[in-house]
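K.L.:
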Amino acid sequence: MARTRTPEQDLKHALRLVQPVMTLLGVWPSAVDASFATKLLQWSTVAVALLLQFLVLVPGILYVFLKEKSGRRKLGLLLPFIFSSGQLGKYIVILYRMKELRDAMIRIKRDWLSATEEDLRVLKTKAEIGYTVMFLVTMTVYTSGLSNRAIIPLSRGRIVLPDNTTVRMLPCATHITLFDVQASPYYEIVFALQVFSGLVSYSILSGTVGIFTILCLHICAMLRILIGKMLELTDRTDTDERNVQAKIVGIVEYQTKIKEFISNVELITQYLCFVEIIEDTSFMCIVGYCIILEWKNQNITATIVFMWVMVTCVCFTFSICYVGQLLVDESGNLERTSNTLSWYRLPTRKARSLVPVIIMSNSPIKLTAAKVVEVSLSTFTDIVKASVGYLNILRTVI
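In structure tokens:
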């Protein structure tokens with residue numbers, strides 16, 4: 044006989060992937076009355092994560108702009124720093140919006156604990172979709188990222204340059220004048236720092252995708268529950284005026300809760316999505332240019348690596364836009380349900396109370412990137428088209 048979980052256990056099960064990742068980064072909301080030791084550990088984790096990012100970003104960008112002279116090589120060397128800068132930007136957004144994230148998670152927990160059996164089924168269904176999306180993103184980013192940061196540099200071994208100088212490859216270019224990076228143990232230390240910095244970046248990417256999917260799909264679940272409340276209102280089995288009035292009041296209150304929750308979520312997700320879109324557009328553009336360049340040079344290994352990076356980036360962008368599209372579709376379902384309600388089954392005075400409900404339901408519900416573009420599959424196609432356009436400009440200029 045299957046063991047029945049409590050709603051609190053179901054919520055922990057739904058958060059079984061995103062919560063550990065965000066806790067390791069120090070950005071999972073702690074309780075307001077958390078102990079000083081807990082808060083100190085959290086902010087120490089944040090400080091270490093930021094330090095690892097800057098220790099790789101600053102020397103790398105200095106190398107690209109101060110030492111590298113070839114414009115084409117600069118583009119290839121910039122790729123890991125564009126990725127890391129994007130993740131750093133999203134990490135800072137999450138840190139800045141910790142209060143809003145805490146409020147959102149409290150709201151989600153309250154909804155799970157107070158949900159009926161039918162509503163809980165809706166919440167679990169949406170949460171499983173979010174878990175699947177985050178699992179695929181996490182597996183993809185860690186496998187492709189670690190292969191680029193650790194396996195490929197180590198597999199190349201020592202390389203002999205034309206001037207008979209032997210060098211060992213690093214995951215990222217770096218410009219450090221304090222010591223010789225190629226000498227031991229400095230090489231091993233820099234290599235380890237760059238690998239750990241990559242792990243932080245991959246965790247930020249998978250964690251922010253998880254946060255976005257959880258918040259977005261919880262809104263979808265709330266809209267589906269609201270649809271159920273509307274359909275229950277026009278059920279012929281209960282025509283008592285008091286019960287009808289209570290149901291209408293419940294619908295209005297629930298709509299208000301949804302609007303408040305969406306407003307709070309927008310504060311968290313709008314800049315996360317904006318940074319993601321800017322990063323993915325520039326990243327896909329430069330990776331596409333590197334694929335063309337390596338193909339012309341007949342470097343098959345580099346071509347395959349860049350093609351894999353391109354596929355990975357496209358998958359990340361698609362996953363964000365797909366989840367946003369689910370919200371757009373659920374908003375459309377709510378609009379259709381409100382417009383086709385059997386209001387004529389209700390008492391005349393009560394039917395008039397549905398007018399503001401229908402008006403609110405016809406207002407499109409969607410998440411945006413900095414209130415510039417909506418997060419949906421149409422935006423995904425726009426990102427791909429913009430990347431191809433910028434790629435053509437690169438081919439002309441460089």
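If you count the sequence shown from 1, you need to add 43 to reach the numbering used here. Glycine included, C-beta positions come from ideal geometry on N, C-alpha and C.
1) Using the C-alpha atoms, what's the distance from K133 back to D278?
2) Distance check for S404 and V165, CA to CA, integer angstroms please.
3) DSSP puts E417 in a beta bridge; with which residues?
4) Using the Cβ count rule (16 or more neighbours within 10 Å means buried), how would you classify G241?
5) Could you give the distance in angstroms between the alpha-carbon of S381 and the alpha-carbon of L94?
6) Quickly, what does DSSP pair R211 with across the bridge? List them, please.
7) Run the CB neighbour count on A90, radius 10 Å, all protein chains shown included, and call it buried at 16 or more, exposed below.
8) For the alpha helix (DSSP H) that contains H56, what are its first and last residues?
9) Who are the near neighbours of Q96 in its chain, counting only those whose CB is closer than 8 angstroms to its CB and skipping five residues on each side?
10) Between the Cα of G375 and those of I305, E417, T88 and K409, spot the shortest distance and give me the residue it belongs to.
11) Evaluate W86 with the Cβ neighbour count: other Cβ atoms within 10 Å of its Cβ, from every protein chain shown; 16 or more gives buried, anything less gives exposed.
12) For the stretch 114-126 against the stretch 323-339, are there 3 or more C-beta pairs whose distance is under 8 angstroms?
13) Would you kindly report the start and end of the unbroken alpha helix (DSSP H) that includes Q368?
14) Give the DSSP-derived three-state secondary structure of R140 in the structure shown.
15) Please check the pair I257 and L370, which I expect to be a contact at CB under 8 angstroms, by giving their CB distance rounded to whole angstroms.
16) Consult DSSP for I149 and reduce its assignment to one of helix, strand or coil.
P.N.:
Reading it off the structure:
1) Spanning the two alpha carbons is a distance of roughly 46 angstroms.
2) Answer to the nearest angstrom: the Cα atoms are 19 angstroms apart.
3) DSSP lists T411 as partners of E417.
4) By the 10 Å Cβ count, G241 comes out buried.
5) One alpha carbon belongs to S381, the other to L94, and they sit about 52 angstroms apart.
6) BP columns for R211 point to R201.
7) Exposed: under 16 other Cβ atoms inside 10 Å.
8) Looking at the DSSP string, the run of the alpha helix (DSSP H) that includes H56 is P50 to A57.
9) Within the same chain, Q96 has close Cβ partners S127, Q130, L131, Y134, S240, V243 and S244.
10) Residue K409 is the option with its Cα nearest to G375.
11) Within 10 angstroms of the beta-carbon of W86 lie fewer than 16 other beta-carbons, which makes it exposed.
12) Taking a cut-off of 8 angstroms on C-beta distances, the stretch 114-126 touches the stretch 323-339, as three or more cross pairs fall below it.
13) Annotation: the continuous alpha helix (DSSP H) that includes Q368 extends over I343 to N382.
14) Coil at R140, not helix or strand.
15) That pair is no contact at about 12 angstroms.
16) It is helical.
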